[in-house]
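Enquirer:
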Amino acid sequence: MGLVEIFPNVFRGSFPVQEGALGALLARFGPAHVVGHPTYGNADNIGAELRRGMEAALAAYPNERIAFVVSDGTLRLDRPDDSTVEAALSAACAFLGGAPQWAQERLLAVATPYDGYKGDRTPGKGSALKLLFDETAHCPSLKSLILLDGDLRNDFRPWFRTFAAVEAHHQASSPKRHFFITARYARHFVDASLTRFIVGPLTTLMGCYVPGGISGDIVLSAGAVRHEREAVWDDARRRYGTDIATTFDNIADPDTDIYEVYLGAKLHDITDEAKLSVMPGEVIGSALNRLLHYEDRDGRVTRLLASEETLKRPVTWGPDKTGIAFIDPGSTDVFDVDRKRETLLSGFSRYEATMRESLDPETFGAVRQRLERLRRAPTDDESPVVFLDVTQDLWIRILYESLAYLLATRRVDPVKNALTYLYTAAFLEFCREKLDRLGARTYGAVRAFQKRLGVPPEQAEAFYRTEVDAVVDAMAARFHAGRRAILDRLRARPSAFRSPPR
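For what it's worth, this note's numbering labels the leading residue of the sequence shown as 6, then goes sequentially.
1. Report the CB separation of I11 from P36 in whole angstroms; it is logged as a contact under 8 Å.
2. Return the residue from the list E140, P118 and R416 that minimises the CA-CA distance to A227.
3. Quick one: what does DSSP say H273 is sitting in, helix, strand or coil?
4. Taking the alpha-carbon positions, what's the S95 to Y66 distance?
5. Just reading off the alpha helix (DSSP H) that E54 is part of, what are its end residues?
6. For S407, count the other beta carbons within 10 Å of its own beta carbon; 16 or more makes it buried, fewer makes it exposed. Which is it?
7. For the region 452-468 against the region 167-175, are there 3 or more C-beta pairs whose distance is under 8 Å?
8. Excluding sequence positions up to five away, which residues of its chain have a Cβ less than 6 Å from the Cβ of Y426?
9. Report all residues from its chain with a CB closer than 7 Å to the CB of S336; omit the five preceding and five following residues, and keep chain order.
10. Whole angstroms are fine: how far does the CA of S388 sit from the CA of M284?
11. Kindly indicate which three-state DSSP category Y267 falls into: helix, strand or coil?
12. Can you tell me whether N422 is buried or exposed, with buried defined as 16 or more other CB within 10 angstroms of its CB?
13. Given a cut-off of 8 Å on the beta-carbon distance, is the pair A116 and G18 in contact?
14. Could you tell me whether the region 242-253 touches the region 114-130, using the rule of 3 or more Cβ pairs below 8 Å?
15. Could you tell me the boundaries of the alpha helix (DSSP H) in which P324 lies?
16. Just how far apart, CA to CA, sit A26 and Y45?
17. Please state whether the Cβ-Cβ distance between L137 and L153 is less than 8 Å.
18. Is it the case that the Cβ atoms of T89 and A133 are separated by a distance below 8 Å?
19. Could you give the distance in angstroms between the alpha-carbon of L8 and the alpha-carbon of N255?
20. With a 10 Å radius around its C-beta and 16 neighbouring C-beta atoms as the bar for buried, classify L443 as buried or exposed.
21. Just curious, the alpha helix (DSSP H) that S312 is in, first and last residue?
22. Please confirm if the region 305-324 is in contact with the region 192-204, defined as three or more CB-CB distances below 8 Å between the two stretches.
23. With a threshold of 8 Å on Cβ separation, who are the neighbours of K280 within its own chain once the five nearest residues in sequence on each side are excluded?
24. So which of A92, S291, H143 and E60 has the shortest CA-CA distance to W107?
25. Does DSSP put P506 in a helix, a strand or coil?
26. Rounded to the nearest angstrom, what separates R318 and V215 at their Cα positions?
27. Please list, in chain order, all residues of the same chain as A465 whose beta carbon is under 7 Å from its beta carbon, the five residues on each side excluded.
28. Need the endpoints of the beta strand (DSSP E) that I71 sits in, please.
29. Helix, strand or coil for V473 per DSSP?
30. Does the Cβ of D120 have 16 or more other Cβ atoms within 10 Å, making it buried, or fewer, making it exposed?
31. Please state whether the Cβ-Cβ distance between G217 and A142 is less than 8 Å.
32. With a threshold of 8 Å on Cβ separation, who are the neighbours of L268 within its own chain once the five nearest residues in sequence on each side are excluded?
33. What are the start and end residues of the alpha helix (DSSP H) that includes F435?
34. From what residue to what residue does the alpha helix (DSSP H) around L495 run?
35. Using the DSSP secondary-structure output, state which residues sit across from L112 in a beta bridge.
36. Could you compute how far the alpha carbon of T384 sits from the alpha carbon of D441?
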């Protein structure tokens, strides 16, 4: 990768992506903190995001150097779209050009493609982060790596202030230990489906409930970054499975302290249908692989299933400590009730074989029965909204059966595929319940509401606290409390696990 200085302390990366070039630049500059932005198609936002980040970092880290690195997947060898890179560089040049000399000396900005780094051309967020993890190894001055998604529209001043305060607290209390900071914030009730229904429950099988790791906005100490360099990076991790793998690895490390900080709201582009057609399988597959990795390494999962240990939680900094008040996630138009219904109807046949393989016959039969009920249900404006009625109780049962099958057979793909379909059904049932609470019970009411889907501002804080966050946390706790069902199934019914089809 050739790095060309286009303005003092502003560098543009180009092909071929050369190992060590970014690391050498960082080593020369000597930043205490590196802010990494994995991007894809963020030309309309990354410039403003960089400006806000630079302003916030200068205030939060006085007398320290900070490097900002945009690791971009929009620009590829076979698709020369440099719009995001150019937007980042233009903003960095404008900001530094208008900044006082002391600020110019404390900031470095780099925007570079990652396509082809170390000979790998896998597109995805994980590949963007792999470049950052590996290259910061060459930077002995590094104290922390701050990772922020490229579509954020937040005010970063309170975020960076909080990150700096947690780091200072950690260094004063546990200077020889690593740290991993995750975010807790209000996210729209139709957003964060994987976080709420997959990541949260599965982290409890590692012994600590850490749903925020997949949020995309995390901070790792230099020691925690080392996990990422030493890990085995499979295809799922290089695509969208990176955040969950990082979370599991930090939970598993006895030398890492995990902090969860309240940051108000995540103001970003809510995941759309195109991304949801790819991302869930990779996140779920990465999580299942990490569970097997730690089970094979030291029997961690089955030991926790059998133990009476209470569920651990991160060191929590709530609004009282971060000083960040509730921020309403606002409204969205990404939810389409007819399209969601069709996703369940059309997707069943694709995942039917894997559901039949990994679930009990009774459970699979219940899901199929619900599908037929959905197929027959009317969808006129006066009819009540119906999905697959995968309640939280049924979802927990599905997780227990799927994980027992995983531990018995070590077959990730059937479980991953089955859960990709079924988590969608469980999350849509959750969304239906929230819509019902807000008075949208019929297809007609939801069709009108979904053009600007949100909670009345005067109700938002109580709604997100009691109807969303508390409900999701209780579900993860209930899953953890009944986890012995996985072990009981493994011990009592080995014949229930069918051999894979030949």
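Ideal placement from N, C-alpha and C gives every residue a C-beta, glycine not left out.
Since we're looking at a predicted model, the values are computed, not measured.
Expert: Based on what the coordinates show:
1. With 8 Å as the limit, I11 and P36 do not qualify as a contact, their Cβ atoms being about 19 Å apart.
2. E140
3. coil
4. 24 Å
5. I51 to A65
6. buried
7. no
8. G352 and Y356
9. R457, L458 and G459
10. Near 32 Å, if we compare the C-alpha coordinates of S388 and M284.
11. strand
12. Around the beta-carbon of N422, 16 or more other beta-carbon atoms lie within 10 Å, marking it buried.
13. yes
14. Result yes; three or more Cβ-Cβ pairs closer than 8 Å.
15. P324 to T327
16. Distance between the alpha carbons of A26 and Y45: 22 Å.
17. no
18. no
19. Going by C-alpha positions, L8 is about 32 Å away from N255.
20. By the neighbour-count rule (16 or more Cβ atoms within 10 Å), L443 is buried.
21. That residue, S312, is in no alpha helix (DSSP H); it is neither H nor E in DSSP.
22. no
23. Reliability fails at K280, whose pLDDT of 43 lies under 50, so the model's placement of it is uncertain and the value that follows must be treated cautiously. Within the same chain, K280 has no close Cβ partners at all.
24. E60
25. Caution is warranted here: a pLDDT of 46 is assigned to P506, below 50, making its placement in the model unreliable, and no coordinate value can be reported.
26. Roughly 7 Å separates the two Cα atoms.
27. Sequence-distant Cβ neighbours of A465 in its own chain, meaning closer than 7 Å and more than five residues away, are D333.
28. I71 to D77
29. helix
30. buried
31. With respect to the 8 Å criterion, G217 and A142 are not classified as neighbours on the basis of their beta carbons.
32. N159, P163, W164, T167, A188, R189, Y190, D222, T327 and I329
33. V417 to R442
34. Segment R489 to A497, the alpha helix (DSSP H) holding L495.
35. I71
36. 16 Å
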